[in-house]
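Student:
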Amino acid sequence: MDVDVSSAGAERRRVALQERLWGAAHPTCRRTGKNASGQQLYREIRSYLIKASDRRLLLESPDVIRKYLRYLGPDARDYFDIAIGTVRNFHRTKELPHFTRKDGGWFDFQLQVKEGDGRADIIAYDFELRLPADSGFDFLRFDLNPPGHDNEADGLRSHMHINGDDDGLAAPAAVMSPFEILDLFLHGLRRVGRIRRSPVTVGTGG
Amino acid sequence: MSALGLAELADRTLMVPGGWSAVVVDEARIDATTQALEEELTFWLEEEGIGSVRVFSERRPPPALVEELVRMTPEDVALLPLPADIIGPVSRSLDYERARLAGHPRGVILTSEAGLQTLAAEAPNLWSWVGPRVWHVDPLAGQLDAEARLSSLRQGTGLTDAEVLQRAEGGTLAPDPVFAEWLVLLGRGELLGR
Chain F
0 MDVDVSSAGA ERRRVALQER LWGAAHPTCR RTGKNASGQQ LYREIRSYLI
50 KASDRRLLLE SPDVIRKYLR YLGPDARDYF DIAIGTVRNF HRTKELPHFT
100 RKDGGWFDFQ LQVKEGDGRA DIIAYDFELR LPADSGFDFL RFDLNPPGHD
150 NEADGLRSHM HINGDDDGLA APAAVMSPFE ILDLFLHGLR RVGRIRRSPV
200 TVGTGG
Chain E
0 MSALGLAELA DRTLMVPGGW SAVVVDEARI DATTQALEEE LTFWLEEEGI
50 GSVRVFSERR PPPALVEELV RMTPEDVALL PLPADIIGPV SRSLDYERAR
100 LAGHPRGVIL TSEAGLQTLA AEAPNLWSWV GPRVWHVDPL AGQLDAEARL
150 SSLRQGTGLT DAEVLQRAEG GTLAPDPVFA EWLVLLGRGE LLGR
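Just so you know, the protein sequences line up as chains F and E, in that order.
Under numbering that gives the first Met the number 0, think of the first position of the first sequence as 0, with each following residue one higher.
Under numbering that gives the first Met the number 0, think of the first position of the second sequence as 0, with each following residue one higher.
1) For residue 110 (chain E), which residues does DSSP report across the bridge?
2) Mapping the DSSP letters down to three states, classify residue 178 (chain E) as helix, strand or coil.
3) For residue 148 (chain E), name the three-state secondary structure that DSSP assigns.
4) For residue 122 (chain E), which of E:109, E:88, E:45 has the nearest alpha-carbon?
5) Pull the bridge partners of residue 160 (chain F) from the DSSP assignment, please.
6) I want to verify the contact list: residues of chain E whose CB lies under 9 Å from the CB of residue 167 (chain F), in sequence order.
7) Apart from the five residues just before and just after residue 6 (chain E), which ones in its own chain have a Cβ nearer than 8 Å to its Cβ?
8) Once the 5 residues before and after residue 87 (chain F) are set aside, which same chain residues still bring their CB inside 8 Å of it?
9) Based on the DSSP secondary-structure assignment, which residues constitute the bridge partners of residue 127 (chain F)?
10) Does residue 82 (chain F) pass the burial test, meaning 16 or more other C-beta atoms within 10 Å, or should it be called exposed?
11) To be precise: take each residue of the stretch 32 to 49 of chain F, compare its Cβ to all Cβ atoms of chain E, and keep it if any distance is under 9 Å. Which residues remain?
12) Could you compute how far the alpha carbon of residue 142 (chain F) sits from the alpha carbon of residue 159 (chain F)?
13) Hey, how far is the Cα of residue 186 (chain F) from the Cα of residue 95 (chain F)?
14) Grab me the residues of residue 184 (chain F)'s own chain with a C-beta within less than 8 Å of its C-beta, minus the 5 sequence neighbours each way, in chain order.
15) For residue 176 (chain E), which residues of its own chain have a beta-carbon under 6 Å away from its beta-carbon, when the five flanking residues on both sides are left out?
16) Let me know the secondary structure DSSP gives residue 104 (chain E) once reduced to three states.
17) I need the straight-line Cα distance from residue 98 (chain F) to residue 68 (chain F), nearest angstrom please.
18) Report the three-state DSSP secondary structure of residue 194 (chain F) (helix, strand or coil).
19) Nearest to residue 25 (chain E) by CA position, among E:115, E:16, E:149, is which residue?
20) List, in chain order, every chain E residue whose beta-carbon is nearer than 7 Å to that of residue 122 (chain F).
21) How long is the line joining the alpha carbons of residue 19 (chain F) and residue 179 (chain F), rounded to whole angstroms?
22) Can you give me the Cβ contacts of residue 17 (chain E) inside the same chain, cut-off strictly under 8 Å, excluding the 5 residues immediately before and after it?
23) Based on Cα-Cα distance, which residue from F:195, F:164, F:181, F:153 lies nearest to residue 9 (chain F)?
24) Within the same chain, show all residues whose beta-carbon is closer than 8 Å to that of residue 204 (chain F), passing over the 5 residues directly before and after it, in chain order.
25) List the residues of chain E that residue 68 (chain F) touches, going by C-beta distances under 9 Å, in chain order.
26) Applying the criterion that 16 or more other CB atoms from any shown protein chain within 10 Å of the CB defines a buried residue, is residue 99 (chain E) buried or exposed?
27) Looking at the structure shown, is residue 89 (chain F) part of a helix, part of a strand, or coil, going by DSSP?
28) Would you call the CB atoms of residue 109 (chain E) and residue 64 (chain E) closer than 9 Å?
29) Rounded to whole angstroms, what's the CA-CA distance from residue 138 (chain E) to residue 73 (chain F)? Just pull it up for me.
30) Which residues in chain E have a C-beta closer than 8 Å to the C-beta of residue 82 (chain F)? List them in chain order.
31) Using a Cβ cut-off of 9 Å (strictly closer), state whether residue 183 (chain E) contacts chain F.
32) Tell me, which residues are paired with residue 29 (chain F) by DSSP?
33) For residue 111 (chain F) and residue 124 (chain F), I'd like the C-alpha separation in whole angstroms.
34) With DSSP collapsed to three states, give me the class of residue 135 (chain E).
35) Rank E:155, E:171, E:53 by C-alpha distance to the C-alpha of residue 70 (chain E) and give the top, closest one.
36) Report yes if the CB atom of residue 11 (chain E) is closer than 9 Å to the CB atom of residue 136 (chain E), and no otherwise.
See below:
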């Protein structure tokens, strides 16, 4: 196999990878039918968070969840916005609205939907979890960028950041539904005390 | 009287099977509020997999309304949009037949302040069922304040709306979720991906 190891070759593969990721996106990201609307997605996310509160997976009460989770739209061009709180949290300020899991990890998110022609497509999102101390890293963010204007941009459309905002440190990520990401935030991404070792270190007791 | 968002209104309506309540809105907004509440209640009932919502917006003889209500279950919700000019005879009939309504659907009467006064005066027994469950609607509950949000985007990035639009129109705007939200809030979502 003759693999082009140049940056141009890598970019082509990055774009191809993103096309595959988008092709495998959860159906919630590209809805059709009677539930294809931003308002329906907003209600479902609110319901998910309230149920998580009822199960004590989140510390915020249903009233607080209803207060924090905001929407706008659809506008005249059929775009719909969902966000946590009014002020966008650029600096990981804990005083701004967010949701908190039992171990103190906290997160917020925003996403945009394009409606029309019987469809509702999630066109962009960012979900960021900030972890408690001693978790191994401080934050993790899943970004779905809006469609780009060139290959370089499209090569990183769906990605994640671990402890670094620099785009150069981003790695490709699956295009997930909001609920898949929230599942991960609520039930995963925490220390469980189980560390996988290599056979060599296991065999030597290391 | 409390002002509630539609989500909270639906939540409180569903708390009491067979319970009655009143929602007070301007006459001109009765139909729109009824439709929005129907959508919200339908969502929750579908989530729970029990009960259904029915809107009684068409005028019918009050006895016929009662006959239809008693065929519904306590898990169902009957939405009754009753402007001030028709609430009198309807509420008198519901009041007279209230014993038959017990154990049947949750009833939500959507009316104006004037309609509420009529309800209290003409249907004292039904009014006692409603009791403290009289709510105003907060039409802005849950809605994002676009201008305040935009202000936080400007502050967070040091950019102006004009600069963002200029970059978007020129095809040089970074494809970042922050800018996706920015363009949507400006009502220029069509520039995404340019």
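For every residue, glycine included, the Cβ atom is placed at its ideal position computed from N, Cα and C.
Tutor: Based on what the coordinates show:
1) In the DSSP assignment, the residues bridged to residue 110 (chain E) are E:23.
2) Helix.
3) Residue 148 (chain E): helix per DSSP, three-state reduction.
4) It is E:88 whose Cα lies nearest to the Cα of residue 122 (chain E).
5) Under DSSP, residue 160 (chain F) takes part in a beta bridge, and its partners are F:140.
6) For residue 167 (chain F), no chain E residue has a C-beta closer than 9 Å to its own C-beta; the minimum C-beta separation is roughly 14 Å.
7) Counting only Cβ-Cβ distances below 8 Å, and skipping sequence neighbours, we find 39, 140, 141.
8) Result list for residue 87 (chain F): 109, in chain order.
9) Answer is F:107, F:140.
10) It is buried - the Cβ of residue 82 (chain F) has at least 16 other Cβ atoms within 10 Å.
11) Flagged, chain order: 38, 39, 41, 42, 43, 45, 46, 49.
12) C-alpha separation (whole angstroms): 6 Å.
13) When rounded, the distance between both Cα atoms is 23 Å.
14) Cβ within range, chain order: 100, 104, 106, 126, 128.
15) So no residue of the chain qualifies.
16) Coil.
17) Spanning the two alpha carbons is a distance of roughly 10 Å.
18) The answer is coil: DSSP assigns residue 194 (chain F) none of H, G, I, E or B.
19) That would be E:115, whose Cα lies nearest to the Cα of residue 25 (chain E).
20) What residue 122 (chain F) touches in chain E: 179, 191.
21) Put simply, the backbone Cα of residue 19 (chain F) is about 18 Å away from that of residue 179 (chain F).
22) Result list for residue 17 (chain E): 73, 101, 102, 103, 104, 105, in chain order.
23) Cα-wise, what sits closest to residue 9 (chain F) is F:153.
24) Note that residue 204 (chain F) has pLDDT 46, beneath the 50 cutoff, so the model's placement of it is unreliable and the number below is only indicative. Nothing meets the Cβ criterion.
25) Correct list: 141.
26) Exposed, because fewer than 16 other Cβ atoms sit within 10 Å of the Cβ of residue 99 (chain E).
27) Coil, per DSSP.
28) Not in contact: residue 109 (chain E) and residue 64 (chain E) (Cβ atoms no closer than 9 Å).
29) The alpha-carbon separation between residue 138 (chain E) and residue 73 (chain F) amounts to approximately 15 Å.
30) Residues of chain E passing the Cβ test: 143, 148, 180.
31) Yes, residue 183 (chain E) counts as interfacial toward chain F.
32) Beta-bridge analysis with DSSP links residue 29 (chain F) to F:120.
33) Annotation: residue 111 (chain F) to residue 124 (chain F) spans about 6 Å, alpha carbon to alpha carbon.
34) Correct three-state label for residue 135 (chain E): strand.
35) Checked all of E:155, E:171, E:53; the closest Cα to residue 70 (chain E) is E:53.
36) It is not a contact, given that the beta carbons lie outside the stated cut-off.
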